[in-house]
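Protein chains in written order, with full-length UniProt numbering: chain A, 1 to 343; chain B, 1 to 343. Using N, Cα and C, we set each Cβ at its ideal position, and we do this for glycine too. Just so it is clear, the structure is predicted and the values come from calculations on it, not from any experiment. Have a look at the structure below, then the notes.
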């Protein structure tokens, strides 16, 4: 295993990277119905939704994010709304839609219509169906972050001829038991809300607890240092406005079942790293409270000579992929350059 | 500031320390009513409950623990049930009830009867009333752990003539904003339960989230490594049995108001370390997810020449005081020996 360290020492205020939207770049969205043979639930009807940007004949890179991510990675000429990873896809970036066809998809279950246990293997099989549908035989690379990294592992194991390289950010071959416990309690918050018609309230609370796992004490220490207030006889601490906003924003766009089933899906994930055959760059974030560095070292060790590790230090913890876009872009550029595959 | 490190490298299975109960040692319990002038709520009727063990004329050490602690520190000849810190008080220990009179008390609010904001200053003033009631002029030492450490700081500031030495374990001069956010969300879990007429359910969930903050990923990694199960169509992770038990046990003994008001009280705490005048040993646990080492270094720096720091490494994180009783006992023995005060 090779080892490289990239370090971002200072928490800088988040400034979205401005990447030019090129009018000549084609983007397309679509969806179709399929029946998926699911690991725990058997055959289930699903709808597969995707978006891609770039030349139709260019090498294809799939980009898959966390359980809240979706098919719209970044704004483009056709679909101008903000995506979940603005700044990573654009002219001059490693994910350059003039050179590559960047494909993303909605995870199955994300629409809330699938109320059964969902496995990361099911997501990988859904992606294979999607590639068949689009006539794509092989991916140049699968770039997966968080939940997307787990799906990438399964895709490489179950459809090994269809992907030449993996980049896996902040996602190990199995969940850490502490992180699993944290998620299980979040699901209990949702269940408590559901007891008597407070479903949104429970989902907001679950998301707020999740935010603590995505971020770091360092960031909270810098942002929320103000003294608490006593409001209507109750103590209110400095971070609560932020947490209120995070909860409300999440509830507005997330079906409860989608949250529950995708959260569970992370905890069901267990794969054998030695079964992952493509060259794989594993990116770890020091201080990630959900996916400890040690677990990603374990993944790289299991990959043997096919694996290499990059370590980022970031005050954003598990969310670093979404915040440190320049660093991630640099890692992707290096990975694509050294993969031995031509673009 | 002086600096010493004590290290416990391996998480060993918890074996309660067996300390002989000496029949000749006298213990006594009592309670009385008082009116306390509270910082946020003005004058309030309170009941003060205490227990002490040891010779009535021996030097007095107060021992105060976390928000779940109470007046019964350890089993003794008169009160044989288990206490909250078994193994710390006993013959041959630093807290030897043949040499010292060890006093502990129920925090105000712990009975659930006080539904107003409670400040750590109020706890300190309640202790002063208790010492008056018992005819105790000055403490040889105040040993405070977690919330008890905050109360000890306030006691030293507000009643400076009444304590000669402080030992403060896992409690800083102000809460860390990340820990405050974590507690605020726990209080929201209780509020969600109250909305749904599921008060116990909410309190159990709050406690379960708190357990994650008290312990460490290292411990969870060792104890709860088993694969998840799918039970009735829902994913259940390995730590859930443990968390169920922790929640149920807590709910059975804790009034909801006690939990809410004492949790808030931690977040209200802010003192100036330079106002703490007695010699003070600060004990930090590396890996404590609630009280970071850096915050305790800040406390010791503020204490100047009066402060010294001991650092424990323990897989039990914030709970180390309750688990590493041999190490804590050794620290107390050194602190008492070097304080320049005769026993």
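| field | Start-to-end residues for the alpha helix (DSSP H) that takes in residue 174 of chain B | value | That residue, residue 174 of chain B, is in no alpha helix (DSSP H); it is neither H nor E in DSSP.
| Using a beta-carbon distance below 8 Å, is residue 201 of chain B in contact with chain A? | yes
| Near-chain A residues of the stretch 29-47 of chain B (beta-carbon distance less than 7 Å), N- to C-terminal order | Residues 40.
| task | Output the distance between the C-alpha atoms of residue 15 of chain B and residue 195 of chain B, rounded to the nearest integer angstrom. | result | Here the model assigns residue 15 of chain B a pLDDT of 44, short of 50, so the residue's position is not dependable, and the following value carries that caveat. Each residue's alpha carbon lies about 40 Å from the other.
| Proximity test, residue 76 of chain A beta-carbon vs the ligand FMN heavy atom, cut-off 7 Å | For the ligand FMN, the structure offers nothing, since it holds no ligand at all.
| request: Using a Cβ cut-off of 9 Å, pull out every chain C residue sitting near residue 177 of chain A, in sequence order please. | output: Annotation note: the requested chain C is absent from the structure, which comprises protein chains A and B.
| field | Amino acids of chain A, ordered along the chain, whose beta-carbon sits closer than 9 Å to that of residue 52 of chain B | value | Residues of chain A passing the Cβ test: none, with the nearest at roughly 32 Å.
| said: Residues in the same chain with beta-carbon distance under 6 Å from residue 226 of chain B, minus the five sequence neighbours each way, listed in chain order, please. | reply: 238
| task | Determine which residues share a DSSP beta bridge with residue 52 of chain A and list them. | result | A:28 and A:103
| Given residue 250 of chain A, which residues of its chain have a CB within under 6 Å of its CB, disregarding the five upstream and five downstream residues? | 207.
| Short CB-CB distance (under 8 Å) between residue 180 of chain B and chain A | yes
| said: Out of B:117, B:67, B:108 and B:30, which one is the CA nearest neighbour of residue 78 of chain B? | reply: B:30
| task | Can you have a look at residue 321 of chain B and say buried or exposed, based on whether 16 or more other CB atoms are within 10 angstroms of its CB? | result | Buried, since its Cβ has 16 or more Cβ neighbours within 10 Å.
| Contact check, residue 87 of chain B vs residue 334 of chain B, beta carbons under 8 Å | Going by C-beta atoms, residue 87 of chain B is not nearer than 8 Å to residue 334 of chain B.
| message | Distance check for residue 190 of chain B and residue 329 of chain A, CA to CA, integer angstroms please. | response | 43 Å
| task | Determine which residues of the stretch 104-121 of chain A have a Cβ less than 9 Å from any Cβ of chain B, and write them out in chain order. | result | 115, 116 and 117
| request: Starting from residue 208 of chain B, find everything on chain A with Cβ-Cβ shorter than 8 Å and list it in chain order. | output: Here the neighbours are 185 and 188.
| query | Between the stretch 253-268 of chain A and the stretch 118-131 of chain A, do at least 3 Cβ pairs fall closer than 8 Å? | reply | Touching, yes, given that three or more Cβ pairs across the two stretches are closer than 8 Å.
| query | For the candidate residues B:153, B:174, B:170 and B:173, whose alpha-carbon lies nearest to that of residue 164 of chain B? | reply | B:153
| task | With 8 Å as the C-beta to C-beta threshold (strictly closer), list the residues of the stretch 290-305 of chain A near chain B in chain order. | result | 292
| query | Does the beta carbon of residue 267 of chain B sit closer than 8 Å to a beta carbon anywhere in chain A? | reply | Yes, residue 267 of chain B lies at the interface with chain A (some Cβ there is under 8 Å from its Cβ).
| field | Residues sharing a beta bridge with residue 197 of chain A, DSSP | value | Residue 197 of chain A is not bridged to any residue.
| said: Please report the straight-line C-alpha distance between residue 111 of chain A and residue 74 of chain B, rounded to a whole angstrom. | reply: Each residue's Cα considered, the two are about 54 Å apart.
| task | Using a cut-off of 9 Å between C-beta atoms, extract the partners of residue 194 of chain B located in chain A. | result | Here the premise fails: no neighbours, minimum Cβ distance about 11 Å.
| said: Closest to residue 138 of chain A by C-alpha separation, out of A:288, A:146, A:149 and A:166, would be which residue? | reply: When the alpha-carbon of residue 138 of chain A is set against those of A:288, A:146, A:149 and A:166, the nearest one is in A:166.
| Is it buried or exposed for residue 92 of chain A, if we count other Cβ within 10 angstroms and need 16 for buried? | By the Cβ neighbour-count rule, residue 92 of chain A is exposed, with fewer than 16 other Cβ atoms within 10 Å of its own.
| Residue from A:43, A:45, A:102 and A:144 with nearest C-alpha to residue 72 of chain A | A:102
| query | With a CB to CB cut of under 7 Å and the five nearest residues on each side skipped, what residues in its chain are close to residue 136 of chain B? | reply | Setting aside the 5 residues that flank it on each side, residue 136 of chain B is surrounded in the same chain by 60, each with a C-beta closer than 7 Å to its C-beta; the list follows chain order.
| Using a C-beta to C-beta distance shorter than 7 Å, which residues of chain B count as neighbours of residue 230 of chain A? | 40 and 117
| query | Does DSSP classify residue 142 of chain B as helix, strand or coil? | reply | strand
| Is residue 234 of chain B helix, strand or coil when you go by DSSP? | strand
| task | Find the nearest neighbour of residue 53 of chain B within the set B:46, B:185, B:63 and B:44, judged by alpha-carbon distance. | result | B:63
| Straight-line gap, residue 185 of chain A to residue 254 of chain B (C-alpha atoms, nearest Å) | 20 Å
| query | So what does DSSP say about residue 46 of chain A, is it helix, strand or coil? | reply | Residue 46 of chain A falls in the strand class under three-state DSSP.
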